[in-house]
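All remarks here apply to the structure that follows.
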Amino acid sequence: PGQFFVNSFLLTYRRFTSAQELLQKMFKRFHDKRYRETEQARQTVQYRVLALLRAWIEGFFEDFAENNEALKPLVMDFLQNQIQTPVHKVSAMNLQRVYEKSKEAFERYRRDNQRYLEEVARRDAPPRPLSILDVNVKDI
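With the numbering used here applied, the sequence shown corresponds to residues 1375 to 1514, in that order.
See the structure below:
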């Protein structure tokens, strides 16, 4: 049920917020120290924020590709500079690698898709009209 909810959320969040605002809210929650929240509960929340970020990057990278100018610096700053606890530093380094691999895979997908569309357009293009110069007199 958890992964289903995460995917549903990532498919629909655009109806009520932007990708940039969602990232900022996630980062704020990661650092939030709520009254009465134990250290263990805080680490669980932080882990879940990182898990959501990973699911977003791996499954919906087009959000980052479309908003690359705005989102990549936010994500990289968070992963490289804002995560201080050793337990989450490893996750942050892994997420940086996941980001780069997802970016490469998305770019490869875009290139392959563009090549395919160009091939289909060439193959399905209507034949050019014949001109008088295309007809050989001997064929008549």
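Idealized CB from N, CA, C, for every residue including glycine.
Predicted, not measured: the structure shown is a model, and the values here were computed from it.
Going by Cα to Cα distance, which pick from the options is closest to residue i?
i	options	result
Val-1380	Gln-1454, Leu-1424, Ser-1392 and Gln-1414	Leu-1424
Lys-1407	Phe-1480, Phe-1401 and Arg-1416	Arg-1416
Val-1472	Ala-1444, Arg-1428 and Glu-1481	Arg-1428
Lys-1399	Leu-1426, Glu-1440 and Asp-1486	Leu-1426
Met-1467	Arg-1497, Val-1449 and Pro-1503	Val-1449
Phe-1434	Gln-1488, Lys-1512, Phe-1404 and Ser-1382	Ser-1382
Gln-1470	Thr-1418, Gln-1454 and Asn-1487	Gln-1454
Leu-1460	Ile-1431, Tyr-1421 and Tyr-1387	It is Pro, not Leu, that sits at residue 1460 in the sequence shown. Ranking Ile-1431, Tyr-1421 and Tyr-1387 by Cα distance to Pro-1460 puts Tyr-1421 first.
Phe-1480	Ala-1439, Ala-1444, Gln-1458 and Ser-1505	Ala-1439
Glu-1478	Gly-1376, Glu-1432 and Glu-1411	Glu-1432
Ile-1457	Val-1494, Ser-1476, Ser-1392 and Phe-1404	Phe-1404
Tell me where the alpha helix (DSSP H) around residue i begins and ends.
i	result
Asp-1320	Since the first residue shown for the chain is 1375 and the last is 1514, residue 1320 is missing from the structure and cannot be characterised.
Thr-1386	1376–1386
Lys-1399	1393–1405
Leu-1426	1413–1433
Phe-1438	1436–1440
Are the CB atoms of residue i and residue j nearer to each other than 8 Å?
i	j	result
Phe-1452	Phe-1390	no
Tyr-1387	Leu-1396	yes
Leu-1445	Gln-1394	yes
Trp-1430	Leu-1385	no
Pick helix, strand or coil for residue i, following the three-state DSSP scheme.
i	result
Ser-1465	helix
Arg-1482	helix
Ser-1505	coil
Arg-1389	helix
Arg-1489	helix
Arg-1471	helix
Gln-1458	coil
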